Amino acid sequence: MSEKRTFKTYKSFSWGVCLLACFIFNHSLFAQETNSQLSGKIITGKDETLAGATVIAIHEPTKNIFNTQSRGDGYFHFFNLKPGGPYTITVSYTGYETIKKGNIFLNLNSTDHFISLSDNETINFILKEQIGDLNEVTVRSVSINKTGINTDITNQQLLSLPSISRNLQDYIRLVPQSKVNGDGMISLAGQSSRFNAFFIDGANNNDILGLSQSGSNGGQTASPPISMDAIEEIKVLLAPYNVEYGNFTGGSINAITRSGSNEIKASAWYYFRNEQLAGRSPVLIEETGSPGIFERPRLSHFVNQTGGIRAGGPIIKNKLFYFILAEKQSEVRPQPFNFSEYRGAASLQQLNALADVLRNKYQYEPGSFLENTDELNANRCVVKLDWNPSASNKFTLSYRYNFAERTATGNPNGSTLINFSNGNFTFPTTTHSFSLEWKKYFTHDVSNRFLFTITQESEDKKWTGSPFPRVAITDGIASIGFGSGPGTGLSLFKATDVTLSDIVKFVKHKHTFTAGTDVNFSKLNDAQIGNYFGLYQFRNLNDFINGAVPTRFQRSFSLLDDPQGDYTLAAGKFKTFHAGFFINDDIYLKNNFSINIGLRLDNNSLPTRIYEDHFFNDSAINLISKYYDLEGARAGQTIRPHWQLSPRIGFTYKIPAENIVIRGGGGIFTGHILNVWGSVLHQRNGVSIGSIDINPQQYGVKFNPDPYHQPTPQSLGSNPANAKGELDLVAKHFKYPAVFRSSVTVNKKMKSNWLLSVEGIVTKNIYETKYTNVNILPAVKQSALPDVRNVYSLNNGPAQIPLTASGGNPYSGQVFLMSNNDNQKGSSYS
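The C-terminal position of the sequence shown is numbered 827 in our numbering, with every residue numbered one higher than the one before it.
Here's what the structure looks like:
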């Protein structure tokens, strides 16, 4: 209890330090775009530009008003507009007709960091001299001007696309360069889904630790990060050449939530599926007990249901608006196992006898081995306020809550594996996310956007049933498993991610400048000790039932304390820091040609100190260096702060006579590491977590059913210093992932209003990350062509390097070196 109080006190103190640090830096953190923008040109009937014309944009649902004037070259710009619409644009000038253009809709104009002129909608207005009655208004053209490759997923598409999982990947499939699957993986531009950037209302909603396939918060539960009914629009950027966007080497996924308007709107929904709404088996299967009779059976009974309600409207008409949403999801998916498919040596009666031994001898309920149930329960909530106190100040405040708990088995039963159901695990994950945005319009040519976000994520993986050591029994060509899952004994993850961003945009002649900084600070507490309750292996089923000595015992434990629940000094408690500085210039050289030039500078670091393993630095490093180049790695060394430049250039060229638009460019994109890499540096350091892997027959160790009193080095009569577990090192000059990306797009509008588009994108990895196990002797030979794989030993596999005088090795686990894979740079094309 005292440790919990200490943790809470430390948490409160860290919050204060974090907020203070944010204001000291005065500018930003990792934030994403939530706005759009609109540009146009005012010309007279004589095709002359008109300066000083008054332009008013009105967001019709909220009557939100934006004002500006055309500059000397006739152009006007609106920055930081709410996406969607419709908007009405009114243009007036003394001596000319006032014209109005309505029903204008704007897409979300962003992705990884802030807004971009690359997606402007350019509208040319022709003002006619006022002579008597007003003549008909003419709009010369409406065109899209953007650089790079991106995909807009509009609200209309979100509403009309079929979706079974009601999750993000069902909609990201609209991106041509994406690869998605049913497990939630979203690969963009050929990169891992974990190297994407995902933001909701500008707040970081990546899986902070970096383990989920989807790359989003709560992704390990296969639950949506937010209700799809809360999302107004999604934009996916792959190659934005405006340097405001960064922190990804895959793609940037940016979503904004719905907002209230002057009209009160509400909606309720309920989705339901069971086996009656799913198809039958495509393969004929013989009926049980009826030889020669075949049928196409339905799926086993399951339930999948989601229900919710949302509402939005005005609190103060034209000034203050609200939007609220609540949703609940539940799934129950039994996974029955047909024992006749099992190829192991044990019979059904023997497995039932095993279950009786566990119940009667050890008072442990193993659960069923014929039925494993996969369950999901989730609750989601969104609250959003939009306040427009004046034409020069706009505020948005939003809060999102996402809770999901999955109960599942790590490996489902099959022909060579049987797992009892109480070997399953429950995985609850909770995310709180908060965003505050302030848009300030100083003059017609200068605007500012300030964004502050906080995201908190927690995960607490637990066993089902009662805690019990894990047991694995060899059963012929198959295996039998029961007891608590190997990753459930001690598992807790908590993280807080704070972002703060401030960007100024200003227009000067033909230039639109963007300048700003972005800074990110996060604090993580990751406690993961595998096989904490112990893992016993037996030769066969009879050995376990008769109390024979097991053939192998493995266990990991804290070397620093006796953990209380999930709280331990061996946890990986560390901080991450990022600071970015950028300046970007959009240059409109001609009406049909513009270029974008930008330079971005990023600094990344893991500032938290790591415990030093003196044995490695004093002794082991010299022996291992005889076989491997450790690239300056030492125990206790973290990832050093370093700066990375990201120059980019893009262009847009139009051929109006042919209705052709050509866009392209190239540049460097610097990404982020997976925080789990930082976590293992702080946990698996040779000092915090120990490990034993023994032959119990040599120590006289028998099976112990008490999960909290398993063998230790002391009880085995050995020195804990010789049971260091795994050690993770990082190269001295390790660089964060970075890629060079180039693209070209050609669009042609056909006479029938069809749009023909051809896109090409090339990605070349500059810095990749590789792991090398330097605790084993190098391979003695290689296999024949074509794969040429390393061959370590034909009999016993890789041998450890002897690191002590007795020829032993205190690292019962592995010694991994994390470095950059400079010799095997990869490329992807699409």
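Virtual Cβ for every residue (Gly too), placed ideally from N, Cα, C.
Quick caveat: nothing in here was measured; it's all calculated off a predicted structure.
- For D599, the CB contacts under 6 Å within the same chain, skipping 5 residues up- and downstream, are G577, Q641 and T667 in chain order.
- The shortest CA-to-CA distance from S816 to any of G478, A728, D180 and D610 is the one to A728.
- Around the Cβ of M747, a 10 Å sphere holds fewer than 16 other Cβ atoms; the residue is exposed.
- In the three-state scheme derived from DSSP, where H, G and I count as helix and E and B as strand, P653 is classed as helix.
- For Q525, there is no enclosing alpha helix (DSSP H); the residue is part of the beta strand (DSSP E) that begins and ends at H508 to I526.
- For H639, the three-state secondary structure derived from DSSP is strand.
- If the five residues before and after Q188 are omitted, its C-beta is found closer than 8 Å to the C-beta atoms of T246, G247, G248, V736, T760 and S825, all from its own chain and listed in chain order.
- Unbroken beta strand (DSSP E) stretches of 3 residues or longer found wholly inside the segment 425 to 474: 443 to 456 and 467 to 472, given in chain order.
- Straight-line spacing of the CA atoms in S327 and E372 works out to 7 Å.
- Bridge pairing for S264: R307 [DSSP].
- As far as DSSP is concerned, F334 takes part in no beta bridge.
- The closest CA to that of R356, considering only G480, N147 and L814, is found on G480.
- Taking the Cα positions, N152 is about 25 Å away from F449.
- Counting every other CB atom within 10 Å of its CB across the protein chains shown gives V379 a total of 16 or more, marking it as buried.
- About 15 Å separates the beta carbons of D383 and R307, which is beyond the 8 Å limit, so they are not a contact pair.
- With fewer than 16 other Cβ atoms from the protein chains shown falling within 10 Å of its own Cβ, V280 counts as exposed.
- Scanning its chain for C-beta atoms nearer than 8 Å, with the 5 sequence neighbours on each side dropped, one finds around L713 the residues I689, I691, Y696 and V698, in chain order.
- Counting C-beta pairs with one atom in each stretch, the segment 225 to 241 and the segment 633 to 649 have three or more that are closer than 8 Å, which means they touch.
- For T218, the CB contacts under 6 Å within the same chain, skipping 5 residues up- and downstream, are A401, R403, F424 and T426 in chain order.
- G805 carries a coil assignment under DSSP once its states are collapsed to helix, strand and coil.
- Taking the CA atoms as reference points, I313 sits about 43 Å from Q210.
- For S676, the CB contacts under 8 Å within the same chain, skipping 5 residues up- and downstream, are L206, L521, D523, Q525, G569 and F571 in chain order.
- Contact annotation: the segment 285 to 300 does not touch the segment 342 to 359, with fewer than three C-beta pairs closer than 8 Å.
- Counting along the chain, no alpha helix (DSSP H) covers D599; the unbroken beta strand (DSSP E) around it starts and ends at F590 to S602.
- Comparing alpha-carbon positions, the option among P386, A275, A343 and Q302 lying closest to N315 turns out to be P386.
- L489: member of the beta strand (DSSP E) spanning L487 to K505, first to last residue.
- In this structure the segment 479 to 497 lies against the segment 455 to 470, because at least three pairs of beta carbons, one per stretch, are closer than 8 Å.
- Exclusion of the five residues before and after G341 leaves T413, I415, D472, G473, I474, A475, S476 and I477 as the residues of its chain whose Cβ lies within less than 8 Å of its Cβ.
- Inter-segment contact for the segment 506 to 516 and the segment 388 to 397 is absent: fewer than three beta-carbon pairs are separated by less than 8 Å.
- With 16 or more other Cβ atoms inside 10 Å of its own Cβ, H56 counts as buried.
- For V354, the enclosing alpha helix (DSSP H) covers residues L345 to K358.
- The straight-line gap separating the alpha-carbon atoms of K507 and E609 is approximately 56 Å.
- Going by C-alpha positions, L155 is about 18 Å away from G309.
- Here A252 is not near I282, since their CB atoms are 8 Å or more apart.
- From the listed residues L78, E45, I62 and Q680, the smallest Cα separation to S36 is found for L78.
- In the same chain as F192, and ignoring 5 residues on each side of it, the C-beta atoms closer than 7 Å to its own belong to F245, T246, G247, G668 and P734, in chain order.
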